[in-house]
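Read through the structure below, which is laid out as structure tokens, and then see the notes.
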Amino acid sequence: MRADLDQLYFDRVHSFTPFLHQSSYIRISKHLEKRREMNTRAISDGTKLSHKCLQYAMWAMASSLSSQFQHLRDTMYREALDRFRNLDSPGGPVEKEEGLLKQAQAWILISMYELMAVGFHRAWVSAGRAVRLIQLLRLSSIDKSCDKASGSTEDSDLFVEKEEKRRTLWMAFCLDAVICLVHDLPRTFTESEIYTRLPCSEDAFQSRTPTISLFLSEAMELQTAAKQHPFLELILSISVSEQIRFHMNRSKIGHENGTTPAQFWERHMFVDSVLTRQISRLQGLPVSHRAGSMTLLARIVAQVASLSLLEVATAMSDTTAEYDHLVDGCEERAVVAAREMTRLSNILLSDFNICQIHPFTPAPFHLGREALVRFQERGMALEDEAKTMDEALEELKIANAFCQGIPKPEPPRFGYEDALATPDSLMDLLIEEPSMGD
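Just so you know, we're using the UniProt record's numbering here: the sequence shown kicks off at 1 and counts up by one.
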């Protein structure tokens, strides 16, 4: 059964969380099992226990996406937590770097499982544990002192080891961003302080082919999707969303500190150009079952970012008439984005099985739905698009509790202030959410 769950993980879950090298994982698992049968101690207790934590976290995610093993998901989840308690107990085994990396990967998977099946507050705490381990391992500085020449000639085993670390960092980056964007929480990662290259292609990773990938700032300048892949594009779409959020926050502070409309719109046009490039690149990336639903998720996140950019533009209340054409342009692109979101959601729900849809997908749907509700107050005819988002969120609830943990925005009412009222506070969400227990 363990072999079946391992295979199920790489068949269904790995495309959502592509940070494990499959053959390396299988080799280590077999080696540890053989040592266990021989009752030897050639491998440290900390490494073995960390690997078990990772395995049970993998199996929890895999069983949650399988009708055959669905009944095992809670057992696997609790087994993973029990293994972590053993690691944390007084007198626990000494933890080496390899073991800490496995623990970080396991906490990422546990957090994703909890988003889908337990609840937001547990998932947020688990994500925090993953982030702290990543910071302890300094995964944000893997390539700080490396040059391209040394990277292209490195040993294949060393390449796989570094690439797993890179992918673990960027998976945590995405997890942290999705949770923070939805619940309006401060980000943990600062992009300007990440000195780790973006993940290479999946084929290069699994085939142990040393490859030099770009840094985030370099990738954002690309005009086409050449050599891009779904995981990388999701990271870029999330990064653009973060830039828009930063732009919005600076605008609020700048309004109080005397930022001029000219300064605001200069920054706005720069962010707009970054978003335009990202949407253009994504159009060159094919959508297929082989690539999984991550490509669609990257596209949906980018379209939601376009809606967010309009919200920033309309929030600049003291803009003079000379900037009206920029607001109009944002509004036109937002309408296009809303229609594209509808099209993409229809593709996602009609062409992909519910278990093939990325666990993060409810987040952009919810954020898009919120924005569409507010735009209707401005007189924009987006009722059909908002209805499509509602239907998508309802359908995703079948397999993903992340939808249920997000408050639904109020429908349009008379009165602008009423439309902007927050339905629930974060504390309400924490209190009202059903829990599976500790």
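The beta carbon of each residue, even a glycine, is placed where N, CA and C say it ideally should be.
Note that the structure is predicted; figures quoted are calculated from it, not measured.
- Cβ atoms of Gln206 and Gln55: under 8 angstroms apart, would you say? The criterion of a C-beta distance shorter than 8 angstroms is not satisfied by Gln55 and Gln206.
For this session: With distances taken Cα to Cα, identify the nearest neighbour of Lys30 among Val13, Lys48 and Thr17.
Result: Ranking Val13, Lys48 and Thr17 by Cα distance to Lys30 puts Lys48 first.
**Coarse secondary structure for Gly99, derived from DSSP in three states** = Three-state result, Gly99: helix.
Exercise. Grouping DSSP H, G and I as helix and E and B as strand, with all else coil, what is Thr168?
Worked result: Reduced to three states, the DSSP call for Thr168 is helix.
Which of helix, strand or coil does DSSP assign to Asp203?
Helix at Asp203.
Checklist entry - Can you tell me whether Gln243 is buried or exposed, with buried defined as 16 or more other CB within 10 angstroms of its CB? => result Its Cβ being crowded by 16 or more others within 10 Å, Gln243 is buried.
DSSP state of Arg208 mapped onto helix, strand, coil: Reduced to three states, the DSSP call for Arg208 is coil.
Next item on the list: Give the DSSP-derived three-state secondary structure of Met294 in the structure shown.
Entry: It is helical.
Quiz prompt | Minimum length 3: unbroken beta strand (DSSP E) runs contained in the region 346-416 | solution = Listed in chain order, nothing qualifies, since the region 346-416 has no complete beta strand (DSSP E) run of 3 or more residues.
| task | Quick one: measure Cβ to Cβ for Thr342 and Thr295, integer angstroms, because I've assumed they're closer than 8 angstroms. | result | In this structure, Thr342 and Thr295 do not form a Cβ contact; the two beta carbons are roughly 17 angstroms apart against a cut-off of 8 angstroms.
Check: With C-beta atoms as the reference, is Cys200 less than 8 angstroms away from Glu163?
Finding: A Cβ-Cβ contact shorter than 8 angstroms links Cys200 with Glu163.
Requested in this report: Would you tell me roughly how many angstroms separate the C-alpha atoms of His121 and Leu8, rounded to the nearest one?
Outcome: A direct Cα-to-Cα measurement between His121 and Leu8 gives close to 28 angstroms.
Just to confirm, are Ala219 and Thr168 a CB contact at a threshold of 8 angstroms?
Contact flag unset, no.
* Three-state secondary structure (DSSP) at Leu32? -> Note: Leu32 maps to helix in three-state DSSP.
Fill in: Beta-carbon spacing of Leu198, Ser217 below 8 angstroms
Taking 8 angstroms as the cut-off, the beta carbon of Leu198 is found no closer than this to the beta carbon of Ser217.
Checklist entry - How many Å lie between Asp184 and Phe246 at the Cα? => result The alpha-carbon separation between Asp184 and Phe246 amounts to approximately 12 angstroms.
- Message: As a quick exercise: from Asn353, Trp265, Ala337 and Val301, pick the residue whose alpha carbon is nearest that of Val312.
- Response: The candidate whose alpha carbon is nearest that of Val312 is Trp265.
- Pairwise C-alpha distance: Asp45 and Asp157: Looking at the two C-alpha atoms, the distance is approximately 23 angstroms.
What three-state label does DSSP hand Phe10 in the structure shown? Helix at Phe10.
Can you tell me whether Arg36 is buried or exposed? The criterion is at least 16 other CB atoms within 10 Å of its CB, across all chains shown. When all chains shown are included, Arg36 counts as exposed.
Pair within 8 angstroms by beta-carbon distance, Ala80 and Ile110
A contact, by the Cβ cut-off of 8 angstroms.
- Which full runs of the alpha helix (DSSP H) of 4+ residues lie inside the region 79-146, going along the chain? Correct list: 97-117 and 120-136.
### Message
One question on the structure: do Glu383 and Ala298 come within less than 8 angstroms of each other, judged by their Cβ atoms?
### Response
Going by C-beta atoms, Glu383 is not nearer than 8 angstroms to Ala298.
| field | Backbone secondary structure at Met248 - three-state DSSP | value | Here Met248 sits in helix by DSSP.
message: Can you tell me whether Arg187 is helix, strand or coil according to DSSP?
response: Here Arg187 sits in coil by DSSP.
When the distance is taken between beta carbons, is Arg166 closer than 8 angstroms to residue 477? For residue 477 there is no data in the structure shown, the boundaries of the chain being 1 and 438.
**Request:** Could you tell me whether the Cβ atoms of Phe173 and Phe189 are closer together than 8 angstroms?
**Result:** It is a contact, given that the beta carbons lie within the stated cut-off.
Got a sec? Which residues, its chain only, sit under 8 angstroms from Arg12 by beta carbon, not counting five neighbours each side? Here the set comprises Ala62, Leu65, Ser66, Cys355 and Gln356.
Between Ser350 and Ala338, what straight-line distance do the alpha-carbon atoms span, to the nearest angstrom? Ser350 and Ala338 have their C-alpha atoms some 18 angstroms from each other.
Next on the checklist: If you measure between the beta carbons of Ala334 and Leu367, is that distance less than 8 angstroms?
Outcome noted: Cβ distance not < 8 angstroms, so Ala334 and Leu367 don't count as in contact.
Check: For the candidate residues Ile179, Asn346 and Val336, whose alpha-carbon lies nearest to that of Met112?
Finding: The candidate whose alpha carbon is nearest that of Met112 is Ile179.
With a cut-off of 8 angstroms on the beta carbons, I'd call Ala386 and Leu372 a contact; round off their distance for me. Between Leu372 and Ala386 the Cβ distance is about 4 angstroms, and since that is below 8 angstroms, they are a contact.
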